[in-house]
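Visitor: Residue numbers (this note's numbering): 5 to 151.
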Amino acid sequence: MNIANILARKGSMAVTVRPEQSIRDALALLDRHNIGALVAVEGDRPVGILSERDIVREAAHNEKFFARVVADLMTRDVITGQPHDDLLSVAHTMTERRIRHLPVVDQGRLIGMVSIGDVVKAQRDHYQGEVDTLQTQLLADEGGPAR
């Protein structure tokens, strides 16, 4: 199971923002799409990520944070994933680096976004499928000839 499987199921749309847009614009996008992070792009290339945490951190210390632009608050060292990345390694990276949103790129171009919730749900569904298969095999074995 890899990132491409998640994107195939949930869709590959990632909500983006330009670095020069206002924080107010960014908040409106977060609210409109009911999401927790935006990818800041120049063209189709990610140059940053702006999360709810970034905004809250700034708002707590700067009452004039609405005057800021996305570039002022975004994280520039964007950790990204690729479609072929295995979910176990993605889950490990997201947990260790304490990130909740992972932009997905292909040849440097943004193609989607996965959240830690997407990764956990995909792993859960995968493991549930394995459990169901094992249960079916066990039940079939129980009904088979005595040994």
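Even glycine gets a Cβ: it sits at the ideal position worked out from N, Cα and C.
Considering only the beta carbon of each residue, do Ala41 and Ser55 sit closer than 8 Å?
Guide: In this structure, Ser55 lies closer than 8 Å to Ala41 by Cβ.
Visitor: Let me know if Thr140 comes out buried or exposed under the rule of 16 or more other beta-carbons within 10 Å of its beta-carbon.
Guide: Classification for Thr140: exposed.
Visitor: What residue range does the alpha helix (DSSP H) around Met117 cover?
Guide: That residue, Met117, is in no alpha helix (DSSP H); its beta strand (DSSP E) goes 113-119.
Visitor: Need the endpoints of the beta strand (DSSP E) that His105 sits in, please.
Guide: Start and end: 105-110.
Visitor: Can you list, in chain order, the residues of its chain with a C-beta nearer than 8 Å to that of Arg151? Leave out the 5 residues immediately preceding and following it.
Guide: In this predicted model, Arg151 has a pLDDT of only 48, less than 50, meaning its place in the structure is not dependable enough to derive any value.
Visitor: Using 8 Å as the Cβ pair cut-off and three pairs as the minimum, do the stretch 58-70 and the stretch 84-93 touch?
Guide: No: the two stretches stay apart, fewer than three of their Cβ pairs being nearer than 8 Å.
Visitor: Taking the CB atoms as reference points, tell me whether Ala32 and Met78 lie closer together than 8 Å.
Guide: No, these two residues do not count as a Cβ contact at 8 Å.
Visitor: Quick check on the DSSP output: the beta strand (DSSP E) that includes Ile53 runs from which residue to which?
Guide: 49-55 is the span of the beta strand (DSSP E), which, as asked, contains Ile53.
Visitor: For Val19 and Glu134, what's the separation of their Cα atoms in angstroms?
Guide: Approximately 33 Å, taken between the alpha carbons.
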